[in-house]
Amino acid sequence: MSNQNTSEAVFDSDDICIGDLVLDRDTDHSDPAVVVNTPPTTADEWTAYTGTTVAEDNPEYPADASIIVVAFRNEILDEQPE
Numbered sequence: 176m177s178n179q180n181t182s183e184a185v186f187d188s189d190d191i192c193i194g195d196l197v198l199d200r201d202t203d204h205s206d207p208a209v210v211v212n213t214p215p216t217t218a219d220e221w222t223a224y225t226g227t228t229v230a231e232d233n234p235e236y237p238a239d240a241s242i243i244v245v246a247f248r249n250e251i252l253d254e255q256p257e
């Protein structure tokens, strides 16, 4: 799966696990996403695929927030062989 199908997100909960379905709380019409990674790092330490840190991409969140990496469920289903 390419980087365009994944996204880094800031979160404030320690109970999110790999495989969980999540929604973007900042969007009213978010597609479900699957948690694929919960790296032990903070938003200001993780470089997103755009070349900036997650903290730089999300200035409304604390720079020391934990992050999750997700893949959107509809894109996973599109790539999954029958």
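Per this note's numbering, the sequence shown starts with residue 176, numbered consecutively. Cβ coordinates follow ideal geometry from the N, Cα and C atoms, glycine included.
Item to check | Residue range of the alpha helix (DSSP H) that includes Ala230 | outcome: Val229 to Asp232
Next on the checklist: Does the segment 207-224 come into contact with the segment 243-252, if we say contact requires no fewer than three beta-carbon pairs (one atom in each stretch) closer than 8 Å?
Outcome noted: yes
Checklist entry - Taking the alpha-carbon positions, what's the Thr217 to Asp203 distance? => result Cα-Cα distance, rounded: 26 Å.
Item to check | Boundaries (first-last residue) of the alpha helix (DSSP H) holding Ile251 | outcome: Note, Ile251: alpha helix (DSSP H), Arg248 to Glu254.
Item to check | 8 Å contact criterion, which Thr222 and Asp232 should meet: CB distance rounded | outcome: Their Cβ separation, rounded to whole angstroms, is 10 Å, which puts Thr222 and Asp232 out of contact at 8 Å.
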